[in-house]
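Below is one structure, written out as structure tokens; comments come after it.
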Amino acid sequence: MRISDSVANYILRLLQEENGTAEIQRNELANYLGCVPSQINYVITSRFTPEQGYLVESRRGGGGYIRITRLQLSQADRIMHVVNSIGGELDGGTARAMLQNMVQSGALNSSQAELIHAAVSDKTLSVLPRELRDTVRAAIFKNMLLVTRT
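So in the UniProt record's numbering the end of the sequence shown lands on 150, straight run, no missing numbers.
What follows is the structure, encoded as structure tokens:
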């Protein structure tokens, strides 16, 4: 198991044990898991985002901490957070990661995610000039998500 997976799993366990809110000290967690503090930062910024249904607060200093709270959002609210986070362009890798995160959070089921992925895949968009693909992908992705929330 990769260290990033170990860090994420540890935080998820804390969230479950503490009823949706975990408070950690980055240096202590890094020492406990045998990694560097920057790996803790990476996991938090990539896996515990508002789009994935988390609120992260931090306080720096000697007694500093990072507080992660699992937001209680409806399926429609989770989807709207994702739609609002997408700008005018979306690359294929980011689209795939967003879909995986939405399935994990329960915002989409796997069939919906597979359908959206098929619609926005590089293979599907290969008929378009490269410079237009990410723009068209973003528009299709957002519109398909909006349809799933109704």
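Even glycine gets a Cβ: it sits at the ideal position worked out from N, Cα and C.
For clarity, every value in this text was computed on a predicted model and none was experimentally measured.
Subject >> Three-state secondary structure assigned by DSSP to E23 >> reply: In this structure, E23 counts as strand in the three-state DSSP scheme.
Original post:
By how many angstroms is the C-alpha of I79 removed from the C-alpha of V127?
Top reply: Distance between the alpha carbons of V127 and I79 is about 28 Å.
Original post:
Just the Cα atoms here: how many angstroms apart are N31 and A8?
Top reply: Approximately 15 Å between the Cα atoms of the pair.
Original post:
Taking three-plus beta-carbon pairs below 8 Å as touching, is the segment 70-89 in contact with the segment 110-118?
Top reply: Judged by Cβ distances under 8 Å, the segment 70-89 makes no contact with the segment 110-118, as fewer than three pairs qualify.
**OP:** Find out if the Cβ-Cβ distance for the pair R137, D91 is shorter than 9 Å.
**Re:** For the pair R137 and D91, the CB atoms are nearer than the 9 Å cut-off.
**OP:** My understanding is that L145 touches V82, with C-beta atoms under 8 Å, so please give their C-beta distance in whole angstroms.
**Re:** In this structure L145 touches V82 by the C-beta definition: roughly 6 Å separates them, less than 8 Å.
Subject >> Counted within 10 angstroms of its Cβ, other Cβ atoms place S46 as buried (16 or more) or exposed >> reply: The Cβ neighbour count for S46, taken over all protein chains shown within 10 Å, is under 16; the residue is labelled exposed.
Original post:
For chain C, is any of its Cβ atoms less than 9 Å away from the one on F141?
Top reply: In the structure shown, chain C does not exist; there is a single protein chain.
**OP:** Out of N19, L15 and I3, point me to the one whose CA is closest to S38's CA.
**Re:** Per the Cα distances, I3.
Original post:
Thinking C-beta only, is I40 closer than 9 Å to R26?
Top reply: Yes, Cβ-Cβ distance for R26 and I40 is below 9 Å.
**OP:** Using three-state DSSP, classify I68 as helix, strand or coil.
**Re:** Here I68 sits in strand by DSSP.
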